[in-house]
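First the structure, in the form of structure tokens, and then the observations on it.
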Amino acid sequence: MTATIENPNYAYPARSAGRRGPNLEKAGWIFMRASGVVLIVLIFGHLAFNLLWTPGGIRAVDFGFVGGKLAQPFWQWWDVLMLWLAILHGSNGMRTIVNDYVHKPMIRTVALWAIGIAAAVLIILGTLITFTFNPCPEGADLSLLPSFCAEL
Amino acid sequence: MAATQITDNDTTPEPVDSAAEAADRQVQAADAIEEPQSFPVTVIVRRYDPEIDDEPRWVDYDVQMFATERILDALHRIKWEQDPSLAFRRSCAHGVCGSDAMRINGKNRLACKALVKDFDTSKPIYVEAIKGLPLEKDLIVDMEPFFDSFREIQPFLQATGKPEKERHQTIAQRERFDDTTKCILCAACTTSCPVFWTDGQYFGPAAIVNAHRFIFDSRDEASQVRLDILNDREGVWRCRTTFNCTDACPRGIQVTKAIAEVKQAMMTGVKL
Amino acid sequence: MADQSSVTDGIHYHQHDVVIVGAGGAGMRAAIESAPKASTAVITKLYPTRSHTGAAQGGMAAALANVEEDSNEWHTYDTVKGGDYLTDQDSAEILTREAIDAVYDLENMGLPFNRTPEGKIDQRRFGGHTRDHGKAPVRRACYAADRTGHMILQTLYQNCVKHGVQFFNEFYVLDLVMAEIDGVKRVSGVVAYELATGEIHVFQGKSVIFATGGFGKIYKTTSNAHTLTGDGVGIVWRKGLPLEDMEFYQFHPTGLAGLGILLTEGARGEGAILRNASGERFMERYAPTIKDLAPRDIVARSMVQEVLDGRGAGPHKDYVYLDCTHLGAEVLETKLPDITEFARTYLGVDPVTERVPVYPTAHYAMGGIPTNNDAEVLADNETVVPGLYAAGECACVSVHGANRLGTNSLLDINVFGKRAGNNAVAYAQTADFVDLPADAADGVVKLLAQLREGTGTENVAEIRKALQETMDRNAQVFRTDETLQTALADIAVLRTRYPNVRIHDRGRRFNTDLLEAVELGFLLDLAEIVVVSAINRKESRGAHMRDDYPTRDDENYMQHTMAYRTAGDIGLPQEIRLDWKPVRFTHYEPQERKY
Amino acid sequence: MSETSSSLTLPDPSPRKTTFSGTLYRGNEGMWSWVLHRITGVAIYFFLLVHVLDTALIRVSPEAYNAVMATYKNPIMGLGEVVLVGAVVLHAMNGLRIILVDAWPWATKHQRLLFWIVMGLVAVLMLYFTPTHLINVFSPEGGA
Ligand SMILES: Cc1cc2nc3c(=O)[nH]c(=O)nc-3n(C[C@H](O)[C@H](O)[C@H](O)COP(=O)(O)OP(=O)(O)OC[C@H]3O[C@@H](n4cnc5c(N)ncnc54)[C@H](O)[C@@H]3O)c2cc1C
Ligand code: HEM
Ligand code: SF4
Ligand code: F3S
Ligand code: FES
Chain Z
3 MTATIENPNY
13 AYPARSAGRR
23 GPNLEKAGWI
33 FMRASGVVLI
43 VLIFGHLAFN
53 LLWTPGGIRA
63 VDFGFVGGKL
73 AQPFWQWWDV
83 LMLWLAILHG
93 SNGMRTIVND
103 YVHKPMIRTV
113 ALWAIGIAAA
123 VLIILGTLIT
133 FTFNPCPEGA
143 DLSLLPSFCA
153 EL
Chain R
17 MAATQITDND
27 TTPEPVDSAA
37 EAADRQVQAA
47 DAIEEPQSFP
57 VTVIVRRYDP
67 EIDDEPRWVD
77 YDVQMFATER
87 ILDALHRIKW
97 EQDPSLAFRR
107 SCAHGVCGSD
117 AMRINGKNRL
127 ACKALVKDFD
137 TSKPIYVEAI
147 KGLPLEKDLI
157 VDMEPFFDSF
167 REIQPFLQAT
177 GKPEKERHQT
187 IAQRERFDDT
197 TKCILCAACT
207 TSCPVFWTDG
217 QYFGPAAIVN
227 AHRFIFDSRD
237 EASQVRLDIL
247 NDREGVWRCR
257 TTFNCTDACP
267 RGIQVTKAIA
277 EVKQAMMTGV
287 KL
Chain X
479 MADQSSVTDG
489 IHYHQHDVVI
499 VGAGGAGMRA
509 AIESAPKAST
519 AVITKLYPTR
529 SHTGAAQGGM
539 AAALANVEED
549 SNEWHTYDTV
559 KGGDYLTDQD
569 SAEILTREAI
579 DAVYDLENMG
589 LPFNRTPEGK
599 IDQRRFGGHT
609 RDHGKAPVRR
619 ACYAADRTGH
629 MILQTLYQNC
639 VKHGVQFFNE
649 FYVLDLVMAE
659 IDGVKRVSGV
669 VAYELATGEI
679 HVFQGKSVIF
689 ATGGFGKIYK
699 TTSNAHTLTG
709 DGVGIVWRKG
719 LPLEDMEFYQ
729 FHPTGLAGLG
739 ILLTEGARGE
749 GAILRNASGE
759 RFMERYAPTI
769 KDLAPRDIVA
779 RSMVQEVLDG
789 RGAGPHKDYV
799 YLDCTHLGAE
809 VLETKLPDIT
819 EFARTYLGVD
829 PVTERVPVYP
839 TAHYAMGGIP
849 TNNDAEVLAD
859 NETVVPGLYA
869 AGECACVSVH
879 GANRLGTNSL
889 LDINVFGKRA
899 GNNAVAYAQT
909 ADFVDLPADA
919 ADGVVKLLAQ
929 LREGTGTENV
939 AEIRKALQET
949 MDRNAQVFRT
959 DETLQTALAD
969 IAVLRTRYPN
979 VRIHDRGRRF
989 NTDLLEAVEL
999 GFLLDLAEIV
1009 VVSAINRKES
1019 RGAHMRDDYP
1029 TRDDENYMQH
1039 TMAYRTAGDI
1049 GLPQEIRLDW
1059 KPVRFTHYEP
1069 QERKY
Chain Y
2 MSETSSSLTL
12 PDPSPRKTTF
22 SGTLYRGNEG
32 MWSWVLHRIT
42 GVAIYFFLLV
52 HVLDTALIRV
62 SPEAYNAVMA
72 TYKNPIMGLG
82 EVVLVGAVVL
92 HAMNGLRIIL
102 VDAWPWATKH
112 QRLLFWIVMG
122 LVAVLMLYFT
132 PTHLINVFSP
142 EGGA
């Protein structure tokens, strides 16, 4: 991490014009901090609820448990917000790291696109699933489903 | 030269006597100490001569040193008594010209401000060039990229109108940017910055420090211009608050604090 | 505008209207005047911000009268008297008159001076600066904490960046090219060695300004940087041009004992007191009126006298104390932070609670390249060398006479740096380039080849050390014919050893080994001139204190020494001819110097 | 007209060496906290990618989801989860430190102290989390 190149990469001599101009660094910097603060609440809440406060912790996490949570709008919104912020925060952080260490223009472009696409896919996928999720899928083994499915 | 008898008709207030006496006792105690002794120190220097070497190499030297001497003295002793081909920069020898920033035992320092007594001399002392600027020879690096960044932030007062005498400034306004006026452009900070090492593109703490010196000068009218320059992909936002710069600065400048103030000025405007 | 470069036979040729050698305060002040008006190249062996102007601490004098009544006429009087009446009085008048604008110029360029409560530039006391012709100390030194020189150097560099001044950093000028046209020696350019590559560059200029600073490295204990080897003065000397007043070398009273690192006189300006081993404030005996704020020559001499009389402190009784303990941490931290740190770092002594061991340290060359008030270099007492200018510590105008007052040098570099810049541009706008002789670079090529290929066994560092030691021992604060003759004999021996020095680094890149050898050559030349001039002046005046001639002798010696080189080459004994130049008087009659 | 001599120095005949990095830079708390922050950030990022995908299996079928969840209950994964939560806690606490250091002069000045406070907080939180979690992981099947 700290053992990096001896000499700056002269493929980019002192701040070439190509890397100048308007940018979103400031917004990104503020976002990292704002999202970080919110994420603390969301992630710590998430971890505490799932792993500490639910009796049995990780053992109790199964379809029934998650389905039960995601049936409630409160947890739906919690998880979606967490998803968006964490992915955006993490991806922006990864973008910084790629910019720092990947100097070959080709590889850098590929890596940045990969981060972007991964972020988009996961955010769309996660959001869709959270809101279109059916906790009591038809024909499933009742014992695996949240307890309220039995009442249906 | 006529040395008349000792007189005691002082007109200016004398120092508090107890303090003077205490100082005297201290000094007297110090006087009693015997002659200082020199002792051997191993200095391992990372040498590189582009005309001969493919790669830098570590070379050991044994030198006799006194505890109160500086690493610069050790380098001089090597150069003057053992191997005159050793190349390094230096000038003032007391930490004001910024010539001899180098990495000593893994940390950036000025060789002329690093005292032998502050090192564990039972182990060798490692000396190598600062990191992140092109290595030219031995302890000498190419400083041009560093000065390029400095020049880019428009490091000069920009003020319209020509006052008849001086531009006025209150003591408090002057104090506001005092810390960053101390910079001697030694590059110890910039070349200690992990972000700078990655690609050498980051403006670096020294450039930001010097921008700060003008941004917070009440006489200057181009603060916004400098803020815009540093609101760059390679500008202040790249700082990850690792504090290596602050720790390395031989002038004791609170570099990271200055960077934070510049960031804040970008968000909320300059508050003088 | 001329601004071209080309390469012939491996030698680079450049053409600029104005070529400035040295990027200290004087060089950059000149560049700021000349760069906007003419193609200007600044050639410097150090990065500009490394120049030793940055080490200056205490302040820059100007009778702004911001805090106390003051006038430039009083300033002139102090300067003349401080210089023990050897000062050229018309020059001193210019210096003190233009001082005021020089300070405002710097402020307007951005220099962050300390401020008074009303927001004006603050001023402090300094040695030898008095109100109304010696009545009491006056606050005349404008300052920025104890890093005034640092701020001047930075501000000037910043403004050079602003004007896009073209710098050739780490280029060592080693020769001056002159041509004789119609019997008049004219300047044609300079020859420089590029440290990074080992290549030779010839710079042709219509006007050339030398601003290469001092040569404190002829001494061992000095406040001067390792790089202050008097190259510029030596180059001019080797061209057969005279040097003025070389015997007057100033010893600053308060160098850190044993190290020579300076503690500014500003400390005494703020109230610090010199004490001997028994704690006595000995300056009361030597200068009852202004005591510790007497001019440097007097204070330095008094300190040495205390030590010689056995009242020195320390295990060897070889230093005295600077006592700042009564100033309080507040004053030390805010007004003298740097020197407080120097004492802590380098001596392990905390000035807040302890007295600091100090002893005089070689500091400033009053003498140098003679110039007139327009900064034009003189080939004899009157004749100027068209196109050649000098300013700063390497020059001798002479505004400092036999002893410079503190804060007058930062002033000198600004006032005469500016004058040099302006006059050099004005000259360049009317004059033509003087053709470079075909062999312009030969001298340097030969000099370097001789050193590089030398097969001797002598070590540069050893010769330099021997030189510095003999100078410290024999040509310091107190001198006698005997000590000076010893020094002269030592130097003669060292000169014969010098051609046999061996350069170990055979490379081209950053060959600092080679350059130290070149610099040593200049040091040897200059030390010899200092000693020869000192032997010749059989009186005591200002910084030149002859124990065997303890009084001032106006009848015979109220004149400047002019030294000429009549023969000599590397390794050969040089022949020095001494002559005199009259002092210019205006208002001030020489008087006995009492403080 | 260039401002410096750089345009005049000849280009290097031989390419500059970038091989050897010398000694490790001996930074202080600030540098090591950043190293940790970066490593934990990357670790969490990759876990997050996986975690979103495995959670997505709830849309496939309860069996599929429970199958992957079973792997999380494996004792080795259980230990891994402690490390992961440790990383999150460290990243989060240090993230707060960074925010404070950026925004609050007192914190800028005392960043070293804050680093050790962060380490303390991480230790406390992990001392609370680790036993609770490991009891769950190692408790007999159906202990819920
Ligand atoms: C420690 C200290 C404190 C001082 N404090 C004060 C003070 O408080 N007040 C005051 O008035 N004066 C003070 N002085 C004196 C004053 O600072 C100097 O006399 C003055 O700064 C000299 O400026 P300069 O421009 O002539 O030379 P310098 O600043 O020394 O610059 C010399 C320049 O010449 C260049 N150079 C030299 N040789 C060559 C060569 N061969 N080729 C190319 N370039 C060359 C160097 O690179 C450098 O840029 C102090 C001096 C010292 C040493
Ligand atoms: C739990 C609350 C979190 C907080 C308070 C937080 C805080 C922060 C902050 C303030 C930064 C910016 C650091 C800087 O600019 O120096 C950051 C960077 C980063 N974060 Fe987080 N973060 C949190 C969660 C996450 C999560 C869940 C991820 C992964 C998806 C993540 C991944 C990253 C990455 C990769 C970086 C970039 C690191 C770097 O540039 O060195 N963070 N975090
Ligand atoms: S801020 Fe400090 S470390 Fe950085 S260049 Fe200036 S003096 Fe050197
Ligand atoms: S070392 Fe670099 S990351 Fe910021 S705090 Fe200093 S600039
Ligand atoms: S030699 Fe000047 S800073 Fe070290």
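First to last, the protein sequences are chains Z, R, X and Y. Add 2 to a position in the first sequence, counting from 1, and you land on the number used in our numbering. Add 16 to a position in the second sequence, counting from 1, and you land on the number used in our numbering. Add 478 to a position in the third sequence, counting from 1, and you land on the number used in our numbering. Add 1 to a position in the fourth sequence, counting from 1, and you land on the number used in our numbering. Here a beta-carbon is modelled for each residue, glycine too, at the ideal position from N, C-alpha and C. Note that the coordinates shown come from a computational prediction; the quantities given were computed from them, not determined experimentally.
- Using a CB distance below 7 Å, the part of the stretch 100-125 of chain R facing chain X consists of Pro100, Ser101, Ala103, Arg106, Ser107, Cys108, Ala109, His110, Val112, Cys113, Gly114, Ser115, ordered along the chain.
- At a cut-off of 9 Å, the C-beta of Lys153/R has no neighbouring C-beta in chain Z.
- The secondary-structure analysis by DSSP pairs Cys874/X across a beta bridge with Pro848/X.
- When the alpha-carbon of Thr935/X is set against those of Lys613/X, Ala965/X, Arg975/X, Pro590/X, the nearest one is in Arg975/X.
- Under the three-pair Cβ rule at 8 Å, the stretch 665-675 of chain X does not count as touching the stretch 873-889 of chain X.
- Among the bridge pairs identified by DSSP, Met81/R is matched with Phe55/R.
- Here Val643/X carries a coil assignment [DSSP, helix/strand/coil].
- Bridge partners of Leu866/X according to DSSP: Val686/X.
- In the DSSP assignment, Gln174/R falls outside any alpha helix (DSSP H), carrying neither H nor E.
- If one requires a minimum length of 4 residues, the alpha helix (DSSP H) runs lying completely within the stretch 545-599 of chain X are 550-560, 567-587, in chain order.
- With respect to chain X, the C-beta atom of Leu201/R has a partner C-beta closer than 9 Å.
- Below the 7 Å Cβ cutoff, chain R contributes Asn247, Trp253, Met282 as neighbours of Lys28/Z, in chain order.
- In the three-state scheme derived from DSSP, where H, G and I count as helix and E and B as strand, Asn881/X is classed as coil.
- Every residue whose beta carbon comes nearer than 7 Å to a heavy atom of ligand 3 appears here in chain order: Gly114/R, Ala117/R, Lys198/R, Cys199/R, Ile200/R, Leu201/R, Cys202/R, Ala203/R, Ala204/R, Cys205/R, Thr206/R, Pro221/R, Ala222/R, Val225/R, Cys261/R, Ala264/R, Cys265/R, Pro266/R, Arg267/R, Ile269/R, Val271/R.
- His704/X and Cys255/R have their C-alpha atoms spaced approximately 36 Å apart.
- From the listed residues Glu748/X, Ala869/X, Leu856/X, the smallest Cα separation to Gly806/X is found for Glu748/X.
- Counting along the chain, the unbroken beta strand (DSSP E) around Cys620/X starts and ends at 614-620.
- In the structure shown, Ile696/X falls within a helical segment according to DSSP collapsed to helix, strand and coil.
- Contact of Pro266/R with chain Y is not assigned, every C-beta pair being separated by 9 Å or more.
- Beta bridge pairing from DSSP links Lys139/R with no other residue.
- Residues of chain Z whose Cβ lies closer than 8 Å to the Cβ of Asn67/Y are, in chain order, Asp64, Phe65, Leu146.
- For His92/R, the secondary structure class from DSSP, reduced to helix, strand or coil, is helix.
- Non-local beta-carbon contacts of Lys515/X in its own chain, meaning distances under 7 Å to residues more than five positions away in sequence, involve Val903 in chain order.
- Gly733/X sits in a strand when the DSSP states are folded into three classes.
- By the rule that beta-carbons nearer than 9 Å mark a contact, Ile224/R does not touch chain X.
- Below the 7 Å Cβ cutoff, chain Z contributes Gly92 as neighbours of Ile45/Y, in chain order.
- At a cut-off of 9 Å between beta carbons, Gln1069/X makes no contact with chain R.
- Residue Phe82/R holds the alpha-carbon nearest to the alpha-carbon of Gln53/R among Phe166/R, Pro66/R, Pro72/R, Phe82/R.
- Minimum Cα-Cα distance from Cys802/X among the listed residues Ala791/X, Ala533/X, Leu810/X corresponds to Leu810/X.
- With distances taken between CA atoms, Ala995/X lies nearest to Leu925/X out of Arg1030/X, Met1023/X, Leu925/X.
- Gly667/X carries a strand assignment under DSSP once its states are collapsed to helix, strand and coil.
- Residue nearest to Ile572/X within the set Tyr555/X, Val497/X, Thr818/X, Arg763/X is Tyr555/X (criterion: CA-CA distance).
- For Val102/Y, the C-beta contacts it makes with chain R under 9 Å involve Thr257, Phe259, Thr272, Ala276, in order along the chain.
- DSSP places Pro526/X in the helix class (H, G or I) of the three-state scheme.
- Here Ile599/X is near Leu542/X, since their CB atoms are less than 9 Å apart.
- Contact check for Asn95/Y against Phe259/R fails: the beta carbons are separated by 9 Å or more.
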